[in-house]
Amino acid sequence: MLSRRTWLAGAAGVLAAPSALAQQAPLPPLKSLAPWPLGTCVQTPQLNDPQWVQLATTHFNRLTPEFEMKMEVVLQADGSLRFERPDSLVAFAKAHGMAVHGHCLIWYAEDGGRFRDLSGDAFLNAYVDYIQKVMGRYAGFIKTWDVVNEPVTDEGSTLRDCLWSQKLGEDYIGLAFTAAHQADPHAILLMNEYNLEYTPKKRATLLRAAERALKNGAPLHGIGTQTHIGGDVPPGAIRAAIRDITSLGLKVHVSEVDITLHEDRPVNAVEPRIDQLRVLDEIIDAYHEVPAAQRVGLTFWGVRDSDSWQNSGPHPRPIFDEPLLFDRFGRPKPLARELAKTLRA
Ligand code: G3I
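With the sequence shown counted from 1, adding 238 to any position gets you this note's numbering.
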């Protein structure tokens, strides 16, 4: 008769041992399978998280500062600029042979505190100076930048009314790109936006704004389509967004991919995780169709589900979301294996 202690020890051993079914071939480094830069976002606390470091440096070759290269961290109340936190992200990338995507310079959501006190030439000079000081600091290393982030309203018909447009008119966009190009003539300069797949009207407005800027001589090289989506995104919508951008001869960055299970829109799937695989397949297939010279890369907005802004940012979801490639324990999910499969294909 087994003693209770022996029985419990045995049971614990069985439960702990990964079953044969659970054991799968190790996931190959995803960055080695992608014919384009494969990125993830980063924030400084993650640099001290060994599991995050191991996953990020194994599977990705480019980092996007999630928020610490933005005005909210860099621009101080007195107008001075602080770079300790973005510098540490850049130093980490350099130490691990990774690139950095610059994110972001001008954003409606970051109202530029001290800018509010300026107007006319003083405002314009401070605007250009900010862009050129931030970009100039990393010129030669950071090769791609989100110069203007999310300029179009959610409804999609017009550009947002924001501090930058109020002070400089709609040409705040062209002025930003011209200043950026002067700071680093070799950098690839992008406009970054979300819901370009969900809202064709928004996509059309953004691309019209890009064409206007280009017609006025602005050095705008491409579009970041953020691709924050759910399993409910209509089939073909992602491909249509990428095709529209590509057809203008612009470069394409699929810049902030996550595939939420808790979409605000009713998810029309019994098992949304299956929809996640379908959606990821469409992203990769559509991106493979983009001419190589127009591909800036594909960036996930986080490594593990627990890293996702959907679970840990300023407005976390009430139910834990699973939008990324690795689970909260750092284990590759079916989504990661699907990515490896479609990249190989
Ligand atoms: O880490 C600090 C913490 O120490 C502090 O206690 C707390 C309260 O002040 O703030 C924490 O930092 C927050 C950070 O997220 C980490 O959670 C920042 O305040 C907060 O502003 C930051 O939010 C980021 C947001 O952009 C605004 O910058 C999100 O992480 C980031 O995922 C989100 O990313 C945006 C893209 O830039 C543009 N596209 C949409 C995307 C999602 O909103």
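Ideal Cβ positions, reconstructed from N, Cα and C, are used throughout, including at glycine.
Simplified DSSP state of residue i, which is helix, strand or coil
| i | result |
| --- | --- |
| residue 584 | Lying before the first or after the last residue shown, residue 584 is absent from the chain, which here runs from 239 to 583. |
| residue 320 | coil |
| residue 489 | strand |
| residue 267 | coil |
| residue 351 | helix |
| residue 307 | coil |
| residue 274 | coil |
| residue 557 | coil |
| residue 301 | strand |
| residue 542 | strand |
| residue 564 | strand |
| residue 570 | strand |
| residue 291 | helix |
| residue 328 | helix |
| residue 416 | helix |
| residue 372 | helix |
| residue 463 | strand |
| residue 496 | strand |
| residue 358 | helix |
| residue 259 | With a pLDDT of 41 at residue 259, under the threshold of 50, the predicted position of this residue should be treated as unreliable, and no value is reported. |
| residue 313 | strand |
| residue 397 | strand |
| residue 280 | strand |
| residue 528 | coil |
| residue 587 | Residue numbering for the chain in the displayed model covers 239 to 583; residue 587 lies beyond these limits and cannot be assessed. |
| residue 435 | coil |
| residue 377 | coil |
| residue 501 | coil |
Residue nearest to residue i in terms of C-alpha spacing, selected from the options
| i | options | result |
| --- | --- | --- |
| residue 398 | 377, 426, 367, 444 | 444 |
| residue 454 | 293, 430, 534, 413 | 413 |
| residue 543 | 364, 557, 534, 536 | 557 |
| residue 529 | 551, 330, 486, 377 | 486 |
| residue 466 | 492, 474, 451 | 492 |
| residue 581 | 406, 442, 274 | 274 |
| residue 447 | 565, 469, 332, 396 | 396 |
| residue 266 | 295, 285, 287, 284 | 295 |
| residue 519 | 490, 292, 497 | 497 |
| residue 535 | 320, 337, 541 | 337 |
| residue 501 | 514, 383, 490 | 514 |
| residue 563 | 555, 577, 550 | 577 |
| residue 209 | 288, 484, 331 | Beyond the ends of the chain as shown, which are 239 and 583, falls residue 209; an answer cannot be given. |
| residue 341 | 370, 524, 279, 579 | 279 |
| residue 351 | 318, 539, 479 | 318 |
| residue 272 | 522, 288, 541, 531 | 522 |
| residue 285 | 541, 354, 483 | 541 |
| residue 431 | 347, 406, 416 | 347 |
| residue 479 | 436, 356, 457 | 436 |
| residue 468 | 355, 321, 548, 289 | 548 |
Beta-bridge partners of residue i, as assigned by DSSP
| i | result |
| --- | --- |
| residue 383 | 340, 427 |
| residue 535 | 491 |
| residue 471 | Answer by DSSP bridge pairing: none, since residue 471 is not bridged. |
| residue 402 | Paired residues: none, contrary to the question. |
| residue 345 | 387 |
Residue burial classification, residue i (beta-carbon count within 10 angstroms, cutoff 16)
| i | result |
| --- | --- |
| residue 512 | exposed |
| residue 546 | buried |
| residue 281 | buried |
| residue 494 | buried |
| residue 253 | The predicted position of residue 253 is uncertain, since its pLDDT is 41 and thus under 50; no value can be drawn from it. |
| residue 423 | exposed |
| residue 561 | buried |
| residue 324 | buried |
| residue 527 | exposed |
| residue 552 | exposed |
| residue 259 | Note that residue 259 has pLDDT 41, beneath the 50 cutoff, so the model's placement of it is unreliable and no number is given. |
| residue 339 | buried |
| residue 314 | exposed |
| residue 433 | buried |
| residue 472 | exposed |
| residue 459 | buried |
| residue 419 | buried |
| residue 378 | exposed |
| residue 262 | exposed |
| residue 510 | buried |
| residue 360 | exposed |
| residue 392 | exposed |
| residue 277 | buried |
For this session: Count the C-beta pairs between the region 556 to 570 and the region 301 to 310 that are closer than 8 Å, then say yes if the count reaches three, no if not.
Result: With a cut-off of 8 Å, the region 301 to 310 and the region 556 to 570 do not count as touching, because too few Cβ pairs lie within range.
Exercise. For the region 377 to 389 against the region 349 to 367, are there 3 or more C-beta pairs whose distance is under 8 Å?
Worked result: No: fewer than three Cβ pairs fall under 8 Å.
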